[in-house]
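Visitor: Residue numbers for the sequence shown follow our numbering, beginning at 43 and rising by one.
Think of the CB as a built atom: it goes at the ideal place given N, C-alpha and C, for glycine as much as any other residue.
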Amino acid sequence: MVASATDMSVPDVTVMRMSYQYSNLTGAIADKNCPLRGYLDHRFPNLKPVQADYRASAGTLLVEGNGASPGTVGAAFDYLLRFTLDPAYLPQTAIIAEPIFNRPNYLDAVTELAELAGHAHTRPLSEHTFTTAARASWALALCTELYRNPFVLPTSPLADPLRTGTFTVDTLLGLASADAVAQLRSLYTLAVTELAEILSAAPKRVTLGPTFAASLHCGADADLIVDGVLVELKTRLGSLNRKTGQRSDSLSLADIYQVIGYVLFDTTDTFAIHTVALYSARYGALHRWPLQQLLDTLAGAPVDLAAERATVSALLGAPKVPVEPR
Numbered sequence: 043m044v045a046s047a048t049d050m051s052v053p054d055v056t057v058m059r060m061s062y063q064y065s066n067l068t069g070a071i072a073d074k075n076c077p078l079r080g081y082l083d084h085r086f087p088n089l090k091p092v093q094a095d096y097r098a099s100a101g102t103l104l105v106e107g108n109g110a111s112p113g114t115v116g117a118a119f120d121y122l123l124r125f126t127l128d129p130a131y132l133p134q135t136a137i138i139a140e141p142i143f144n145r146p147n148y149l150d151a152v153t154e155l156a157e158l159a160g161h162a163h164t165r166p167l168s169e170h171t172f173t174t175a176a177r178a179s180w181a182l183a184l185c186t187e188l189y190r191n192p193f194v195l196p197t198s199p200l201a202d203p204l205r206t207g208t209f210t211v212d213t214l215l216g217l218a219s220a221d222a223v224a225q226l227r228s229l230y231t232l233a234v235t236e237l238a239e240i241l242s243a244a245p246k247r248v249t250l251g252p253t254f255a256a257s258l259h260c261g262a263d264a265d266l267i268v269d270g271v272l273v274e275l276k277t278r279l280g281s282l283n284r285k286t287g288q289r290s291d292s293l294s295l296a297d298i299y300q301v302i303g304y305v306l307f308d309t310t311d312t313f314a315i316h317t318v319a320l321y322s323a324r325y326g327a328l329h330r331w332p333l334q335q336l337l338d339t340l341a342g343a344p345v346d347l348a349a350e351r352a353t354v355s356a357l358l359g360a361p362k363v364p365v366e367p368r
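1) Kindly confirm or deny that the region 75 to 91 and the region 350 to 357 touch, where touching means at least three C-beta pairs closer than 8 Å.
2) Rounding to the nearest angstrom, what Cα-Cα distance links D54 and A156 in this structure?
3) So R79 is in the alpha helix (DSSP H); what residue range does that whole segment cover?
4) Taking all protein chains shown into account, do 16 or more other C-beta atoms lie within 10 angstroms of the C-beta of F193, making it buried, or fewer, making it exposed?
5) When burial is assigned at 16 or more other CB atoms within 10 Å of the CB, is E187 buried or exposed?
6) Taking all protein chains shown into account, do 16 or more other C-beta atoms lie within 10 angstroms of the C-beta of S168, making it buried, or fewer, making it exposed?
7) Of the choices I137, T164, T197, whose alpha-carbon is the least far from that of Y189?
8) Can you tell me whether S322 is helix, strand or coil according to DSSP?
9) From A130, S111, V152, pick the residue whose C-alpha is nearest to that of A139; which is it?
10) Please give me, in chain order, every unbroken run of the alpha helix (DSSP H) with length at least 4 that falls completely inside the region 164 to 193.
11) For the pair the region 263 to 280 and the region 235 to 253, tell me if three or more CB-CB distances fall below 8 Å.
12) Taking only the alpha-carbon atoms, compute the straight-line gap between R324 and V105 and give it to the nearest angstrom.
13) Would you report the Cα separation of L182 and I71, rounded to the nearest angstrom?
Structure follows, in structure tokens:
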């Protein structure tokens, strides 16, 4: 039986209260003066071997950009994969933005969008069904953007529907341009092949948009965890070589700290993560690392995961818990 995303994601994003000086992991990683960032720099300094291996297997750019908002493309693609894994998924971050959450009719519209996006799970997936699921995922991505950054509201495509009371399913499905749908189709078609092991298998436990025990203190939510494999999705174009006109993908410090940050934030080992993976969607490349091997390589020495989790928990100001010696 596959566990539902809402059942397995802890804690619920609607009740999270941050106690750390940085409200989210991304912000903490970006600031070199942040104690958490300082800890990661000191404890896991050996990035180059991991980055070199990533570059060696990065491949070539397969899906170009086409003018559609890159951020919304990434969020909508993420949703398409989540709904492929669980057609009953209801993304909490798409309904808790202030302009939506207090309006029952708006909540109903978002819920119906989620039902339409859930048709991405259908096999075989017809062109019409995919287009509807893609448009629904695009609208859900726009709703999520309002939650993550409320300041985008004045320029958001949702501004007019919210202001005029036309926040309906039909209106929201019309917000995705033909270019946006075409790009999502290309990304999704590639992912169905490259992620077949994840998307087509019968996993015992799937968690979508998981948060972690330490997310109570510093916000952190990942993309997917499937049977202990944490999968982070990226839709970046990569760096442009101005001489050749070619783009190439690479693994940044922020990418590495993000995935190991999620692992370290799982202080209760709720998700039993044993492997971390990054799927570079425009390159069709799935990069996987056994967790212990990755941590040992980055640290340049054997790592006691339980002890490191306790250190991170203390940095975030969480109550101390005893660590069982291994």
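Guide: From the atom records:
1) yes
2) Start at 1 with the first residue of the sequence shown, and residue 54 comes out as number 12. Start at 1 with the first residue of the sequence shown, and residue 156 comes out as number 114. Residue confidence for D54 is low, a pLDDT of 43 falling below 50, so the modelled location carries little weight; the figure read from the coordinates is stated next. Approximately 18 Å, taken between the alpha carbons.
3) Indexing the sequence shown from 1 puts residue 79 at position 37. First-last of the alpha helix (DSSP H) with R79: 77 to 85.
4) Along the sequence shown, read from residue 1 onward, the residue named residue 193 stands at position 151. F193 should be labelled exposed.
5) For the purposes of this step, residue 187 is identified with residue 145 of the sequence shown, where counting begins at 1. Per the 10 Å Cβ criterion, buried.
6) The residue you call residue 168 lines up with position 126 of the sequence shown. S168 should be labelled exposed.
7) Counting from one through the sequence shown, the residue named residue 189 turns up at place 147. For the residues I137, T164, T197, the minimum Cα distance to Y189 belongs to I137.
8) By 1-based counting over the sequence shown, the position of residue 322 is 280. Of the three classes helix, strand and coil, the one that applies to S322 here is strand, per DSSP.
9) The count along the sequence shown starts at 1 and reaches residue 139 at position 97. The shortest Cα separation from A139 among A130, S111, V152 belongs to V152.
10) 169 to 190
11) yes
12) What you label residue 324 is simply residue 282 of the sequence shown in a count that begins at 1. What you label residue 105 is simply residue 63 of the sequence shown in a count that begins at 1. Straight across, the Cα-Cα distance linking R324 with V105 is about 5 Å.
13) Sequence index remark: in the sequence shown, residue 182 carries index 140 (1-based). Sequence index remark: in the sequence shown, residue 71 carries index 29 (1-based). Rounded to whole angstroms, L182 to I71 spans 27 Å at the Cα level.
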